[in-house]
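Student: Here the sequence shown is numbered in full-length UniProt numbering, starting from 1 and rising by one per residue. The C-beta atom is built at its ideal place from N, Cα and C for all residues, glycine as well.
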Amino acid sequence: MTREESENSPLLLQNFIAIQNQIEYKEDCYEFSSNFHKLAQDADDLTIARICFLMGDLCSMILTPQSQSEPFGAMVKWNDGRRSAILDDFITEELDFFELTLPECKAYQIKARIADVLWTLKRGKAINFTKIAIENYQKYPLSQETIHYSSNTWQRAIILASTTHQSIENLTNPILGHIKNTSSQDNFYLMHLVEILDVAKLRREDIEIVVAHLEKIAQQFKEQKLYYQSTRYYQCALKWARKLQNEELCYKLLYEIGFSFYQNALAQPYEFQSTSDYENALQTLRQIPKKYRDTDDINTLIAEIERKIPESNQIALEYMQRIETKIDTKEMVDYSEKAVSNQPKFKTLHIFANLIDIPTKEYFKEQAKKHIQQFPFQHLFSGVHINHDGRIIAKTPSIDLTESLTDDFDALFPIMVQNYKNYIELTAKAYIAPALFQLLLEHRITKEDLYHICENSTLIPNERIDVWVEGLWQGLELNFLVAIHLLIPQIEHFVRLQLQIRGIKTTTIDKEGIETEHGLSTLLDKEEVPLVLDENLLFELDILLTKALGYNFRNNLAHGLSEVGEMNSSPAVYVWWLCLKLVINNNSFDFEQEDESALQER
1 MTREESENSP LLLQNFIAIQ NQIEYKEDCY EFSSNFHKLA QDADDLTIAR ICFLMGDLCS
61 MILTPQSQSE PFGAMVKWND GRRSAILDDF ITEELDFFEL TLPECKAYQI KARIADVLWT
121 LKRGKAINFT KIAIENYQKY PLSQETIHYS SNTWQRAIIL ASTTHQSIEN LTNPILGHIK
181 NTSSQDNFYL MHLVEILDVA KLRREDIEIV VAHLEKIAQQ FKEQKLYYQS TRYYQCALKW
241 ARKLQNEELC YKLLYEIGFS FYQNALAQPY EFQSTSDYEN ALQTLRQIPK KYRDTDDINT
301 LIAEIERKIP ESNQIALEYM QRIETKIDTK EMVDYSEKAV SNQPKFKTLH IFANLIDIPT
361 KEYFKEQAKK HIQQFPFQHL FSGVHINHDG RIIAKTPSID LTESLTDDFD ALFPIMVQNY
421 KNYIELTAKA YIAPALFQLL LEHRITKEDL YHICENSTLI PNERIDVWVE GLWQGLELNF
481 LVAIHLLIPQ IEHFVRLQLQ IRGIKTTTID KEGIETEHGL STLLDKEEVP LVLDENLLFE
541 LDILLTKALG YNFRNNLAHG LSEVGEMNSS PAVYVWWLCL KLVINNNSFD FEQEDESALQ
601 ER
């Protein structure tokens, strides 16, 4: 039977009573849903089918106990906009039917759900529904085996009682009783119990009981050298201790958390697994005011952790393996070599500078969206980016796949950067390098040739021509290490000059009245820059020169952080080629005429 076939059938109480006897008992309300839907599909009677579909929808909703207006949400949401049942789907006829079934309902899980739904949708008219819901939510067992789903129902009961000004002691006292009887053998059971009480306004003495027991279990785990568990329990104890406004206790717990993180880092079988624990330990210990650091040698511990972090990061790099994908570049190489073959010198340079069409920023943005859609699980977790020297240079957040990514550039940017890097590697190796070797095989490009080109470029001020010539010429000599050292500062000067021409301030004045120029990173981040630079060029310069997620050439060169291999790498070749492209394409130099003149001179 389908939902459409049964949707106009009457809702009869006797049919609900009959269905109850057929339904298989489940521990959680949600688990009843699939049983009801199967009964509906197998039913021969339209009235039976409709009730089963309705009850299946009721039980399918996910309980979010702390939400006042939407405590029940859709179990499933599809990309095309479809979803499973929500509160607003139930019509008046169905709500009236729920109210009719309430006295006859045998399963406390379903009875609690019906009463809660009726109260949520009818509110002030239905105070008795909250009492029925609370009474049946309390029937969910608080055992270690059931706590993963019963915690939500008990929390919902506390919220309903608080909202309708009913006593919560008959709800909190059983939970406190369970808390007192737990030990470290119960693993995280105590934490689940304590989480239920997050929504309750407890008396101070009850909060002290919670904190003391959390500390006790944390200490047990610490003695057993189970530092991950002890850290979690100390963190939970700190959260509750803050409700007591006891500073000394809070700082003591901060130390215990930091020390547990540190011990967990030391306990890892491989050093590279320790980095995040060291970082967490450091951040936690630094929260302790200096006047409280005299005890437990906290300052010594902080210094030790600061020494450990770069060591751990460096070891992490040694464990990482490069994953390579083989790509047949023969056709690309052949195309590049043929493009610059058997052409006059200056025409060859012009062809070389325009060898490929650079993909746009929008292209990389669309590719990033497709990547998330094709490989969603890759983006559920945050990422850490470690430089060659072991420094963490950037962190990328996880992506909420339930949200639209249309305008979330920050979420897409890390993937755009990775795709751009792949493009750089392929372009430099399959197009630029083969074409450059072919060009040098057939032609001798002199500094004088480059000077004539640079002096006609609209990008280059007269006083900078010699530097540009030297930088471009070093690239033709395959000395990219020197080339990028010379050219990258000229790109920065070009950006600064373009901003200044348009009256945009490029300096800052400190409190002493000293005026200094902004660096390239700050210049490219200025909101006026898109008025000066094409958005695609700005995107490239950001990744190539200033972003930590990108190649960051400008900052790494300026601070002496680049190694020789990086400065002669494919990205370095691309930076040099991009500079040549910018010079040649912003030029009044007549490449064709120069070739003809050279031919006549022969």
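Is it the case that the stretch 278-295 contacts the stretch 253-260, given that we only count it when at least three CB pairs across the two stretches are under 8 Å?
Tutor: yes
Student: Quick check on the DSSP output: the alpha helix (DSSP H) that includes Ile-110 runs from which residue to which?
Tutor: 108-122
Student: Are the CB atoms of Leu-190 and Ile-175 within a distance shorter than 8 Å?
Tutor: no
Student: Determine, using beta carbons only, whether Ala-218 and Tyr-228 come nearer to each other than 8 Å.
Tutor: no
Student: Could you tell me which residues DSSP pairs with Phe-364 in its beta bridges?
Tutor: DSSP output for Phe-364 lists no bridge partner at all.
Student: Alpha carbon to alpha carbon, what distance is there between Pro-434 and Thr-427?
Tutor: Whole-angstrom Cα-Cα distance: 10 Å.
Student: Can Trp-577 and Leu-487 be called in contact, C-beta distance under 8 Å?
Tutor: no
Student: Helix, strand or coil: how does DSSP classify Thr-64 here?
Tutor: If DSSP states are grouped into helix, strand and coil, Thr-64 belongs with coil.
Student: What would DSSP say about Lys-581, mapped onto helix, strand or coil?
Tutor: helix
Student: What first and last residue would you give for the beta strand (DSSP E) that runs through Ile-445?
Tutor: Ile-445 -> no beta strand (DSSP E), and no H or E assigned at all.
Student: Using a Cβ-Cβ cutoff of less than 8 Å, which residues in the same chain neighbour His-148 once the five nearest sequence positions on both sides are dropped?
Tutor: So the qualifying residues of the chain are His-192.
Student: Is Lys-222 near the ligand COA - that is, is its Cβ less than 7 Å away from at least one heavy atom of it?
Tutor: Because no ligand of any kind appears in the structure shown, any question about the ligand COA cannot be addressed here.
Student: In chain order, what residues of the same chain have a beta carbon less than 7 Å from the beta carbon of Cys-105, not counting five sequence neighbours either side?
Tutor: Excluding positions up to five away in sequence, the list reads Lys-111 and Ile-114.
Student: If we ignore side chains and look at the alpha-carbon of each, how far apart do Leu-118 and Leu-537 end up?
Tutor: 59 Å
Student: Do you know whose CA, among Glu-477, Glu-24 and Val-469, lies nearest Ile-584's CA?
Tutor: Val-469
Student: Restricting to Cα atoms, I'd like to know which of Asn-342, Leu-481, Asp-525 and Gly-513 is closest to residue 649.
Tutor: This structure cannot speak to residue 649, because the chain is shown only from 1 to 602.
Student: For the 8 Å Cβ check, are there 3 or more pairs between the stretch 51-61 and the stretch 70-78?
Tutor: yes
Student: Tell me whether Arg-554 is buried or exposed, calling it buried when 16 or more other Cβ atoms sit within 10 Å of its Cβ.
Tutor: buried
Student: What three-state label does DSSP hand Ser-184 in the structure shown?
Tutor: helix
Student: On a Cα-Cα basis, can you pick out the residue from Ile-132, Ser-167 and His-518 that is closest to Thr-508?
Tutor: His-518
Student: Using a 10 Å radius around the Cβ and a threshold of 16 neighbouring Cβ atoms, would you call Lys-180 buried or exposed?
Tutor: exposed
Student: Measure the CB-CB distance between Arg-496 and Leu-531 and report whether it falls below 8 Å.
Tutor: Going by C-beta atoms, Arg-496 is not nearer than 8 Å to Leu-531.
Student: Output the residue ranges of the alpha helix (DSSP H) runs that lie fully inside the stretch 487-532 and measure 4 residues or longer, sorted by chain position.
Tutor: 520-525
Student: Go through its chain and collect everything with a Cβ distance to Asn-586's Cβ below 7 Å, but skip five positions before and after it.
Tutor: Ser-457, Thr-458 and Leu-459
Student: Whole angstroms are fine: how far does the CA of Leu-13 sit from the CA of Glu-366?
Tutor: Answer to the nearest angstrom: the Cα atoms are 54 Å apart.
Student: Go to Val-210, then tell me how far its alpha helix (DSSP H) extends in each direction, as first and last residue.
Tutor: 204-223
Student: Out of curiosity, what's the CA-to-CA distance linking Pro-414 and Leu-549?
Tutor: 7 Å
Student: So, does the stretch 40-57 touch the stretch 128-144, judging by three or more C-beta pairs under 8 Å?
Tutor: no
Student: Alpha carbons only, please: which of Ile-134, Ala-212 and Gln-438 is nearest the one belonging to Leu-355?
Tutor: The shortest C-alpha separation from Leu-355 is found at Gln-438.
Student: Count the other CB atoms within 10 Å of the CB of Leu-238; is the residue buried (16 or more) or exposed (fewer)?
Tutor: buried
Student: Report the residue from Lys-511, Ala-303, Lys-222 and Leu-544 whose alpha carbon sits nearest the alpha carbon of Ser-183.
Tutor: Lys-222
Student: Between Glu-492 and Leu-533, which are expected to be in contact by the criterion C-beta below 8 Å, what is the C-beta distance as a whole number of angstroms?
Tutor: Their Cβ separation, rounded to whole angstroms, is 12 Å, which puts Glu-492 and Leu-533 out of contact at 8 Å.
Student: By how many angstroms is the C-alpha of Asp-80 removed from the C-alpha of His-452?
Tutor: 59 Å
Student: Does DSSP put Arg-293 in a helix, a strand or coil?
Tutor: coil
Student: Reducing DSSP to helix, strand and coil, say where Lys-77 ends up.
Tutor: strand
Student: Evaluate Ala-85 with the Cβ neighbour count: other Cβ atoms within 10 Å of its Cβ, from every protein chain shown; 16 or more gives buried, anything less gives exposed.
Tutor: buried
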